[in-house]
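Numbering (the working numbering), first residue to last: 71 to 585. Every residue, glycine too, gets a C-beta built ideally from N, C-alpha and C. Step one of this worksheet: look at the structure below.
Below, the structure written as structure tokens:
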């Protein structure tokens with residue numbers, strides 16, 4: 071069993087009021103399962119970077135709470151600092167650490183962006199791997215003109231309209247949310263206070279003006295020294311040592327040197343190992359030679375060997391000699407599996423150049439499929455609980471006329487509920503079948519059989535749920551309610567048959583299946 075781990079490194083437009091930073095950190099730490107690893111505040115930039123990690127759901131919630139906290143405490147109309155910014159929470163990147171893909175981090179960014187826009191009424195832009203437009207991949211393009219320009223242009227210039235939330239800004243500004251690979255935030259302080267020299271060096275170093283690939287750089291005045299402020303977006307392709315040496319050579323042209331360098335936040339160990347190899351000329355070096363790496367590997371192996379036996383699964387519970395969970399729960403479980411296959415096909419399509427034209431629709435399919443998977447997973451327990459209500463009503467006392475009347479009413483209510491829950495499962499499964507057929511039609515051709523399997527499972531799920539609707543309507547005294555339920559399940563099954571026919575045409579036409 072894997073334990074996904076994701077990192078979040080939000081930047082907040084505040085450093086000079088410690089109480090505000092503490093409130094933001096507290097809003098993050100209060101979420102169970104989240105660990106704050108680092109904080110870095112720069113008074114000249116008037117900006118704080120906080121690094122935290124945890125399970126995806128916990129990190130996503132912590133990011134939301136911190137954005138809400140920053141919006142309450144930071145007013146950009148009164149904010150001044152050297153670093154460009156457009157929001158109280160300026161940028162929120164998610165970085166995959168272990169057992170989580172970049173696509174899943176993009177999903178996190180999209181969910182968080184929508185929630186921030188809907189609930190906090192803060193405009194949200196998606197950037198880097200989550201960008202909805204090529205020009206929004208680079209943070210600099212989104213931050214053009216900073217908060218002051220955004221106030222004027224948003225709602226007037228369609229190019230500045232956000233991906234989520236209102237097309238207007240409050241004093242909390244806008245927030246940029248995305249997913250990216252590990253980044254090294256790295257500053258070099260020069261032995262001069264002439265910011266023009268730092269600006270010339272930054273221009274020579276950064277990729278956008280002809281310098282090193284994967285380097286973004288600005289020249290600033292910080293703590294009385296000229297500073298080259300950088301983001302190294304791919305330290306594997308452009309190592310830190312190479313950047314430092316280029317800055318050193320450029321600085322010599324102006325008769326200055328590097329006074330010291332500075333990390334903002336955390337740096338991957340691999341980046342430091344690369345720098346050590348370069349400077350020490352360790353040509354035959356292997357990462358396994360690092361004591362901590364070897365020790366971590368040994369400890370992980372021993373922990374895996376001592377892992378406890380897995381708990382019983384849903385299938386074990388289903389196979390047990392008990393009345394619940396039963397066919398209704400199994401149908402919901404099958405529907406959830408079908409939704410998972412739609413999500414799988416969507417993820418196998420998103421990010422592929424060949425399917426760029428359908429990517430926006432695949433994102434919609436993915437988000438709907440995950441919502442349906444959640445609903446149907448809950449329905450597994452809901453169906454078992456509905457059956458328990460019927461059994462509890464059956465056991466009510468019936469010694470007097472009043473007790474008999476009460477018992478009859480409770481049985482009727484419980485039986486109606488026991489019919490409505492699988493009807494809900496059938497409705498959701500029909501939605502999954504619809505998505506699966508669409509995924510087979512436009513999704514990654516290499517996964518067309520997976521989409522078809524999802525559609526087939528969804529049909530099986532709604533068929534099984536329909537049987538549970540029918541068996542419960544037999545016991546209903548209210549025949550009008552029973553007929554209404556039966557009419558609804560019949561309509562669902564008729565539409566399912568139409569979708570099945572559509573799928574057959576898609577498979578023969580697109581997949582070349584010998585049906």
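Of the choices the options, whose alpha-carbon is the least far from that of residue i?
| i | options | result |
| --- | --- | --- |
| residue 176 | 96, 78, 106 | 78 |
| residue 113 | 355, 294, 274 | 294 |
| residue 134 | 191, 390, 393 | 191 |
| residue 14 | 420, 144, 456, 484 | Past the boundaries of the shown model lies residue 14; the chain is included only from 71 to 585, so the question cannot be answered. |
| residue 267 | 348, 320, 353, 557 | 320 |
| residue 503 | 546, 421, 264, 406 | 406 |
| residue 434 | 74, 144, 184 | 184 |
| residue 548 | 489, 579, 577 | 489 |
| residue 96 | 132, 87, 110, 73 | 132 |
| residue 161 | 168, 93, 136, 558 | 136 |
| residue 87 | 126, 125, 130, 144 | 144 |
| residue 535 | 418, 401, 417 | 401 |
| residue 329 | 420, 314, 337 | 314 |
| residue 237 | 194, 576, 283 | 194 |
| residue 164 | 560, 125, 155 | 125 |
Helix, strand or coil, according to DSSP, for residue i in the structure here?
| i | result |
| --- | --- |
| residue 218 | helix |
| residue 300 | strand |
| residue 83 | coil |
| residue 257 | strand |
| residue 198 | strand |
| residue 465 | coil |
| residue 566 | helix |
| residue 242 | coil |
| residue 286 | strand |
| residue 392 | coil |
| residue 152 | coil |
| residue 71 | Confidence at residue 71 is low in this model, with a pLDDT of 49, below 50, so its placement is unreliable and no value can be given for it. |
| residue 249 | strand |
| residue 330 | strand |
| residue 667 | Coverage of the chain is limited to positions 71 through 585, which leaves residue 667 absent and any answer about it impossible. |
| residue 144 | coil |
| residue 420 | coil |
| residue 101 | coil |
| residue 340 | helix |
| residue 161 | strand |
| residue 108 | strand |
| residue 134 | helix |
| residue 291 | strand |
| residue 234 | strand |
| residue 364 | helix |
| residue 122 | strand |
| residue 90 | helix |
| residue 544 | coil |
| residue 507 | helix |
| residue 77 | strand |
Look at residue i and residue j and say whether their C-beta atoms are less than 9 Å apart.
| i | j | result |
| --- | --- | --- |
| residue 414 | residue 512 | no |
| residue 410 | residue 439 | yes |
| residue 123 | residue 76 | yes |
| residue 196 | residue 247 | yes |
| residue 259 | residue 149 | no |
| residue 446 | residue 526 | no |
| residue 251 | residue 208 | no |
| residue 571 | residue 556 | no |
| residue 117 | residue 89 | no |
| residue 158 | residue 179 | no |
| residue 601 | residue 480 | The chain is shown only over 71 to 585; residue 601 falls outside these bounds and no answer can be derived. |
| residue 271 | residue 317 | yes |
| residue 422 | residue 514 | yes |
| residue 257 | residue 168 | no |
| residue 452 | residue 491 | yes |
| residue 261 | residue 327 | yes |
| residue 437 | residue 181 | yes |
My guess is that residue i and residue j are in contact by the Cβ rule of under 8 Å, so how many angstroms apart are they, rounded?
| i | j | result |
| --- | --- | --- |
| residue 334 | residue 119 | 6 Å |
| residue 486 | residue 476 | Actually they do not touch by this definition, with Cβ atoms about 16 Å apart. |
| residue 521 | residue 506 | 5 Å |
| residue 391 | residue 538 | Not really, about 19 Å apart at Cβ, beyond 8 Å. |
| residue 460 | residue 426 | Actually they are not in contact, since the Cβ atoms of residue 460 and residue 426 sit about 51 Å apart, beyond 8 Å. |
| residue 265 | residue 289 | 6 Å |
Residue i CB to nearest chain C CB: under 9 Å?
| i | result |
| --- | --- |
| residue 545 | Protein chains in the displayed structure number just one, and chain C is not present. |
Sufficient close CB pairs (3 or more, under 8 Å) joining the stretch 521 to 533 to the stretch 487 to 506: yes
At least three beta-carbon pairs within less than 8 Å, the stretch 298 to 306 to the stretch 234 to 249: Touching, no, given that fewer than three Cβ pairs across the two stretches are closer than 8 Å.
Stretch-stretch touch, CB-based, cutoff 8 Å, three pairs: the stretch 101 to 109 with the stretch 188 to 207: Touching, no, given that fewer than three Cβ pairs across the two stretches are closer than 8 Å.
Contact the stretch 335 to 353 vs the stretch 305 to 313: 3+ CB pairs below 8 Å: Yes, the stretch 335 to 353 is in contact with the stretch 305 to 313.
Sufficient close CB pairs (3 or more, under 8 Å) joining the stretch 225 to 239 to the stretch 265 to 279: no
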